[in-house]
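Chemist: Below you will find the structure I want to go over with you.
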Amino acid sequence: MKTIKIKVGFWVMIIFILHSLMLYSQQPDYIFVESESDTPEQCVSPEETVRLRFIIDSINQELKRQGVFEKYFDAQRRGAPPLLQWPMRQADGFNDPGYYALSNYVDLDPTSPGVLDYNGLNQTYDTHNGIDIRTSPYFWLKKQNNHVEAVAAADGVISFWQDDNFDDNCSCTGTWNAVFLTHADGSITWYGHLKSNTLTTKTIGDFVAVGEYLGLIGSSGCSTNPHLHFETYDSGGNLIEPFAGSANSTTVNSWWANQLPYYDSGINKIATHSTPPTTPACPGIEVPNEKDVFDPGEAITFSIAVRHSLTTDSAKLEVFEPDGDTSTILALTFIRTGTFFLRAILPVWNSTIPNNAPKGKWVFKATYYTDTYGIQVVNKDFWVAETCQANIVHNANLGTNAYYQASNTISSTSVIINNAQIIYDAENIITLSPGFRAPVGSKFEVKTAGCN
Numbered sequence: 001m002k003t004i005k006i007k008v009g010f011w012v013m014i015i016f017i018l019h020s021l022m023l024y025s026q027q028p029d030y031i032f033v034e035s036e037s038d039t040p041e042q043c044v045s046p047e048e049t050v051r052l053r054f055i056i057d058s059i060n061q062e063l064k065r066q067g068v069f070e071k072y073f074d075a076q077r078r079g080a081p082p083l084l085q086w087p088m089r090q091a092d093g094f095n096d097p098g099y100y101a102l103s104n105y106v107d108l109d110p111t112s113p114g115v116l117d118y119n120g121l122n123q124t125y126d127t128h129n130g131i132d133i134r135t136s137p138y139f140w141l142k143k144q145n146n147h148v149e150a151v152a153a154a155d156g157v158i159s160f161w162q163d164d165n166f167d168d169n170c171s172c173t174g175t176w177n178a179v180f181l182t183h184a185d186g187s188i189t190w191y192g193h194l195k196s197n198t199l200t201t202k203t204i205g206d207f208v209a210v211g212e213y214l215g216l217i218g219s220s221g222c223s224t225n226p227h228l229h230f231e232t233y234d235s236g237g238n239l240i241e242p243f244a245g246s247a248n249s250t251t252v253n254s255w256w257a258n259q260l261p262y263y264d265s266g267i268n269k270i271a272t273h274s275t276p277p278t279t280p281a282c283p284g285i286e287v288p289n290e291k292d293v294f295d296p297g298e299a300i301t302f303s304i305a306v307r308h309s310l311t312t313d314s315a316k317l318e319v320f321e322p323d324g325d326t327s328t329i330l331a332l333t334f335i336r337t338g339t340f341f342l343r344a345i346l347p348v349w350n351s352t353i354p355n356n357a358p359k360g361k362w363v364f365k366a367t368y369y370t371d372t373y374g375i376q377v378v379n380k381d382f383w384v385a386e387t388c389q390a391n392i393v394h395n396a397n398l399g400t401n402a403y404y405q406a407s408n409t410i411s412s413t414s415v416i417i418n419n420a421q422i423i424y425d426a427e428n429i430i431t432l433s434p435g436f437r438a439p440v441g442s443k444f445e446v447k448t449a450g451c452n
């Protein structure tokens, strides 16, 4: 395959070699940097914290009197704190390589002003009592599309919840939507800033299993963008930072079943676009302008969304044509300078499909090198389509991957051979007449968009 290769550490130095007439690329044309601060003030005010803790404690006293915890948890389970699972997941139908970026930890500095996270650094803000986990990239679009869910970090009983509050906040205002769980040992976890009217249908006193749906991620209450505020208290009512680290005096051993590294670097998304994405001011919905099908000569934009970008990390980007040639025609090297740590960035590269580009399924591949995880590889397929026609008639065998587009109709009696992937995309009618066959192993798909 012919390739475009880009080695990225992300922005300043370029070395490039241009060969032949294939795709031309360059250093990132734009680097979108998501807001570095999720909240200008506390996610929950001290007064609201006191109110919520009083309500939860009162309800738990009644649940204990009714024997609810004994009903769901045996004596052995009631003796030890739970091992927490990650409190978020992608909803069904979404499968991006990643979907979140950890923003703020618990502030462990007993003085104010002053900040100290569990690792002895400052990835938090003054008097912050929880862990902020934003959705990323396109957090407003993810909220609109119900992309990311809050889930129970451990088996528990619902002790309280509140809903029906405005969830498009860009500043510290109003009341959040939240669910509060009490676990077998009496420890409590909070799940805040949820999207209005998406909370679980279960209610106070009901059991929820680890990983069970609690609500969708929103921006209700004191919040500047969609994220989950996750707060933890032990059985004695003491605030807990679940992450174990050198500066954490609240716990010796991690409360996480699998504690994430402090810098959780990786790719959240890889995409191709018709034009670069747009990111309007809060609470405007981002417009990714993503596109998977291109004509020869058409503009194309490549992007990767990276969480916890470090200057010590790097990436190699490659674009493979569907012709079996492995020669390298373009190589770029970047070294990102400036701020050592950025919570979430989205660099984009603008280019053009060559007029003589071979038709078929191309592959955009990103290889990301991090000190944390080593190598992460993600791929994104896109098509250079056959020339658009008003009507297409196929009678011969089809043995090469191809995307056929018609503004009116496609009719076919063909047989798909060689395990080819064939896509028919017609705006009006697709007719598969007797004789058409797509044997096991071949990939056949029908779409109704027509010419792109």
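The letter at position 388 of the sequence shown is residue 388 when you use the numbering used here, and the numbering goes up by one with no holes.
Glycine residues also receive a C-beta, built at the ideal position from the N, C-alpha and C atoms.
Computed from a prediction, not measured in an experiment: that's the story for all the values here.
1) Please check the pair F230 and I158, which I expect to be a contact at CB under 8 angstroms, by giving their CB distance rounded to whole angstroms.
2) What are the start and end residues of the beta strand (DSSP E) that includes P347?
3) Checking the sheet assignment: what are the DSSP bridge partners for N391?
4) Taking only the alpha-carbon atoms, compute the straight-line gap between K142 and P434 and give it to the nearest angstrom.
5) So, at 8 angstroms on beta carbons, what are the nonlocal neighbours of L116 in its own chain, with the 5 sequence-adjacent residues on each side left out?
6) Let's test the definition: count the other Cβ atoms within 10 Å of the Cβ of R343 and tell me whether it reaches 16, buried, or not, exposed.
7) Please determine if the region 200-213 and the region 169-178 are in contact, where contact requires at least 3 C-beta pairs separated by less than 8 angstroms.
8) Go through the region 130-217 residue by residue and report every complete run of the alpha helix (DSSP H) that reaches 4 residues or more, in order.
9) What number of angstroms, rounded off, separates the C-alpha of S351 from the C-alpha of T413?
10) Take E486 and list the residues in its own chain whose beta-carbon comes closer than 6 angstroms to its own, dropping the five residues that flank it on each side.
11) So, are the CB atoms of K359 and D381 less than 9 angstroms apart?
12) Hey, quick one: how far does the beta strand (DSSP E) through N104 stretch, first residue to last?
13) Hey, V319 and Q405: beta-carbon distance below 9 angstroms or not?
14) Below 7 angstroms CB to CB, which residues in the same chain sit around I240 once its five sequence neighbours on both sides are set aside?
15) Using DSSP bridges, identify the partner residues of S309.
16) Would you mind working out which of V306, T409, Y368 sits nearest C388, comparing C-alpha positions?
17) Take N395 as the anchor and find which of Y403, L432, P283, V384 has the nearest alpha-carbon.
18) Which runs of the alpha helix (DSSP H), 4 residues or longer, sit entirely within the region 27-93?
Modeler: Taking the geometry as given:
1) The sequence position of residue 230 within the sequence shown is 230, counting from 1. The sequence position of residue 158 within the sequence shown is 158, counting from 1. Not a contact, Cβ separation roughly 16 angstroms.
2) As a working mapping, residue 347 is identified with position 347 in the sequence shown. Unbroken beta strand (DSSP E) run through P347: 341-352.
3) For the purposes of this step, residue 391 is taken as residue 391 along the sequence shown, with counting starting at 1. Bridge partners of N391: T409.
4) As a first step, residue 142 must be located in the sequence shown, where it is residue number 142. As a first step, residue 434 must be located in the sequence shown, where it is residue number 434. Distance between the alpha carbons of K142 and P434 is about 44 angstroms.
5) Locating residue 116 in the sequence shown gives position 116, counting from the first residue. If we look at L116 and ignore the five residues flanking it on each side, its Cβ neighbours are D107, L108, D109, N122, T124, A247.
6) Here residue 343 refers to the residue found at position 343 of the sequence shown. So R343 ends up on the buried side.
7) no
8) 139-144
9) On the sequence shown, position 351 is the one that residue 351 refers to. On the sequence shown, position 413 is the one that residue 413 refers to. Rounded to whole angstroms, S351 to T413 spans 37 angstroms at the Cα level.
10) Because residue 486 is not part of the residues shown, which for the chain are 1 to 452, the question remains open.
11) Looking up residue 359 in the sequence shown gives position 359. Looking up residue 381 in the sequence shown gives position 381. No, these two residues do not count as a Cβ contact at 9 angstroms.
12) Mapped onto the sequence shown, residue 104 falls at position 104. Its beta strand (DSSP E) spans residues 100-104.
13) Stepping through the sequence shown from its first residue, residue 319 is reached at position 319. Stepping through the sequence shown from its first residue, residue 405 is reached at position 405. Contact flag unset, no.
14) Along the sequence shown, read from residue 1 onward, the residue named residue 240 stands at position 240. Correct list, in chain order: T232, Y233, D234, T250, T251, W255.
15) Your numbering for residue 309 matches position 309 in the sequence shown. S309 is bridged to L342.
16) Mapped onto the sequence shown, residue 388 falls at position 388. Measuring from the Cα of C388, the nearest candidate turns out to be T409.
17) As a position in the sequence shown, residue 395 is number 395, starting the count at 1. N395 has its Cα closest to that of L432, out of Y403, L432, P283, V384.
18) 46-65, 68-72
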